[in-house]
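Heads up: the sequence lines are chains A and B, in that order.
Here the first sequence is numbered in this note's numbering, starting from 1 and rising by one per residue.
Here the second sequence is numbered in this note's numbering, starting from 134 and rising by one per residue.
For every residue, glycine included, the Cβ atom is placed at its ideal position computed from N, Cα and C.
In this text, all values refer to a predicted model and were calculated from it rather than measured experimentally.
Working notes for the structure below.
Number of protein chains: 2
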Amino acid sequence: MAIQITKETDYAIRCILYLIGMNGQVCTVGDISREQSIPYTFAAKIMQKLARAGLIESVRGVKGGFVLKRRPEEISLLDIVEAIEGPISMNICVLDRKSCDRQPRCPVHPWWVEISEVLRERLGEFTFDRILK
Amino acid sequence: MAIQITKETDYAIRCILYLIGMNGQVCTVGDISREQSIPYTFAAKIMQKLARAGLIESVRGVKGGFVLKRRPEEISLLDIVEAIEGPISMNICVLDRKSCDRQPRCPVHPWWVEISEVLRERLGEFTFDRILK
DNA sequence: CAAAACAGGATTAGATTAGTCCTAATTAGA
DNA sequence: TCTAATTAGGACTAATCTAATCCTGTTTTG
Ligand code: SF4
Ligand code: SF4
């Protein structure tokens, strides 16, 4: 099961989908949680992460909530995955060479670097204008 | 960290690399464990999985061990990943549609199916003759 | 100033990963 | 035929990560 996005990331995508559907309107965590079947407190945390990553913007206080900060064509699956899970790579040695002392003479390492890059590129191609067309 | 092969899978790849290097010779778990820095009992389990998947063959009894069952060009990273982790997909709904009741009207689902397929194809292209060239 | 919202740290429950342990079953060779 | 070397496989455990909750604080409208 390891090569898979987490439930949290899937929730985050649903959050973005909801905001896109609301077309610039400020939405509360309550709305999102209810409409997208995400536990309220968990959704709140996810929205915080998405805000810190600059994908959405928060509005505090009464009548507050969240709004999309970019247009759908400026948000990709990669943006969301990395906003939630951090930089992605197919094997630990890709991001942190020192994590494995075999790396200098490992014949597989360079290929994990390549596959990781291919995956990132692919995920980056899926922007929400394409996803929703 | 979620989109990443497990340590067990990385170990499995090292096991195969070792067997390829030994060129048809029967190798014991002890040899492999020592040479590839894999905990002995864990390596034993991994070899069992690789044998059940048909990538290697076990020889029981004294002077027993494991031998490669296919040529390097007939073994890909995908074969090993799936031998250890089972069928891979980028999101749970790809392999099990019923896992998510939003699937029938989810605009992202079809794209996860596509990305998963791309990843499988890519991993399938990395056979050990290429990896070791 | 009260109520409706977000902010963020700490904590918890459950699942998965990583690894161990123990008891068989097999087999080459003394 | 017995013994030591070796794999087979189930049960168990420790550590880590995922999924989620809780609680206290801050902001802001009306
Ligand atoms: S053995 Fe090679 S592929 Fe595996 S973690 Fe080390 S460097 Fe990376
Ligand atoms: S919401 Fe869509 S992408 Fe997410 S699990 Fe359900 S079907 Fe799959």
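Which of the three DSSP states, helix, strand or coil, is assigned to Phe-259/B? By 1-based counting over the second sequence, the position of residue 259/B is 126. Three-state DSSP puts Phe-259/B in coil, outside helix and strand.
Note down, in chain order, every chain A residue with its Cβ under 8 Å from the Cβ of Ile-221/B. By one-based count along the second sequence, residue 221/B stands at place 88. Ordered by position in chain A, the residues that pass the 8 Å Cβ test against Ile-221/B are Ile-3 and Gln-4.
What's the call for Asn-23/A, buried or exposed, on a 16-neighbour Cβ count within 10 Å? Position 23 of the first sequence holds residue 23/A. Under this definition Asn-23/A is an exposed residue.
Which term fits Arg-14/A, buried or exposed, when burial requires 16 or more other beta carbons within 10 angstroms of its beta carbon? As a working note, residue 14/A is residue 14 in the first sequence. Flag for Arg-14/A reads buried.
Hey, Ile-149/B and Leu-211/B are a contact pair by Cβ (cut 8 Å); roughly how many whole angstroms apart? Position 16 of the second sequence holds residue 149/B. Position 78 of the second sequence holds residue 211/B. The pair is not a contact, with the Cβ atoms about 12 Å apart (cut-off 8 Å).
Does the beta-carbon of Cys-239/B, which I'm using as the reference point, lie nearer than 8 Å to any heavy atom of ligand 4? This structure lacks ligand 4; the ligands present are ligand 1 and ligand 2.
If you scan the region 13-88 of chain A from start to end, which runs of the alpha helix (DSSP H) of 4 or more residues do you find wholly inside it? Qualifying alpha helix (DSSP H) stretches, in chain order: 29-36, 40-52 and 77-85.
Determine, for Asp-143/B, whether the minimum Cβ-Cβ distance to residues of chain A falls below 9 Å. Here residue 143/B is taken as the residue at index 10 of the second sequence, counted from 1. Interface criterion met: the Cβ of Asp-143/B is under 9 Å from a Cβ in chain A.
DSSP on Ile-3/A, reduced to helix/strand/coil? As a position in the first sequence, residue 3/A is number 3, starting the count at 1. Strand at Ile-3/A.
With DSSP run on the structure shown, which of helix, strand or coil describes Arg-230/B? Position 97 of the second sequence, counting from 1, holds the residue named residue 230/B. Arg-230/B falls in the helix class under three-state DSSP.
Verify the contact flag: Asp-143/B, CB atom, against every heavy atom of ligand 1, threshold strictly below 8 Å. The sequence position of residue 143/B within the second sequence is 10, counting from 1. True, at least one ligand heavy atom lies under 8 Å from that Cβ.
Cα-Cα separation, Ile-171/B to Ala-145/B: Taking the second sequence and counting its residues from 1, one reaches residue 171/B at position 38. Taking the second sequence and counting its residues from 1, one reaches residue 145/B at position 12. Near 9 Å, if we compare the C-alpha coordinates of Ala-145/B and Ile-171/B.
Ile-88/A and Phe-66/A - do their beta-carbons sit closer together than 9 Å? On the first sequence, residue 66/A is found 66 positions in, with the first residue counted as 1. On the first sequence, residue 88/A is found 88 positions in, with the first residue counted as 1. No.
For Ile-146/B, return the contacting residues in chain A, with the cut-off set at a CB-CB distance below 9 Å. Here residue 146/B refers to the residue found at position 13 when the second sequence is read from its first residue. The contacting residues are Val-108.
Any idea what DSSP makes of Leu-265/B, helix, strand or coil? Here residue 265/B refers to the residue found at position 132 when the second sequence is read from its first residue. Leu-265/B: coil per DSSP, three-state reduction.
Under 8 Å: do the region 58-72 of chain A and the region 114-132 of chain A share three or more Cβ pairs, one atom per stretch? yes
Is the region 89-106 of chain A close to the region 42-53 of chain A, with three or more CB pairs under 8 Å? As far as the Cβ criterion goes, the region 89-106 of chain A does not touch the region 42-53 of chain A, which means the pair count is below three.
In the structure shown, what three-state DSSP assignment does Pro-243/B receive? As a working note, residue 243/B is residue 110 in the second sequence. Reduced to three states, the DSSP call for Pro-243/B is helix.
How big is the Cα-Cα spacing for His-109/A and Ile-213/B? Taking the first sequence and counting its residues from 1, one reaches residue 109/A at position 109. Taking the second sequence and counting its residues from 1, one reaches residue 213/B at position 80. Here the alpha carbons of Ile-213/B and His-109/A stand approximately 15 Å from one another.
Coil, strand or helix - Arg-102/A by DSSP: Counting from 1 along the first sequence, the entry for residue 102/A is found at position 102. Of the three classes helix, strand and coil, the one that applies to Arg-102/A here is coil, per DSSP.
Taking the alpha-carbon positions, what's the Gly-154/B to Ile-138/B distance? Residue numbering aside, residue 154/B sits at position 21 when the second sequence is read from its first letter. Residue numbering aside, residue 138/B sits at position 5 when the second sequence is read from its first letter. Taking the straight line joining both Cα atoms gives about 23 Å.
Does the Cβ of Cys-100/A lie closer than 8 Å to at least one heavy atom of ligand 1? By 1-based counting over the first sequence, the position of residue 100/A is 100. At least one heavy atom of ligand 1 is nearer than 8 Å to the Cβ of Cys-100/A, so yes.
Comparing the CB of Asn-23/A with every heavy atom of ligand 2, is any distance shorter than 8 Å? If you number the first sequence from 1, residue 23/A lands on position 23. Answer for Asn-23/A: no, Cβ out of range of ligand 2.
CB-CB length for Glu-85/A against Ala-135/B, believed under 8 Å: The residue you call residue 85/A lines up with position 85 of the first sequence. The residue you call residue 135/B lines up with position 2 of the second sequence. Indeed, because the Cβ distance is near 6 Å, the residues count as touching under 8 Å.
Give a yes or no on whether 9 Å exceeds the smallest Cβ distance from Ile-131/A to chain B. Translated into positions along the first sequence, residue 131/A becomes position 131. Interface residue, yes.
Spatially closest choice to Asp-229/B from Val-246/B, Ala-216/B and Val-162/B, by CA coordinates: In the second sequence, the residue the question calls residue 229/B occupies position 96. Per the Cα distances, Val-246/B.
When the distance is taken between beta carbons, is Glu-57/A closer than 9 Å to Leu-68/A? Here residue 68/A refers to the residue found at position 68 when the first sequence is read from its first residue. Here residue 57/A refers to the residue found at position 57 when the first sequence is read from its first residue. Between Leu-68/A and Glu-57/A, the C-beta gap is smaller than 9 Å, which places the two residues in contact.
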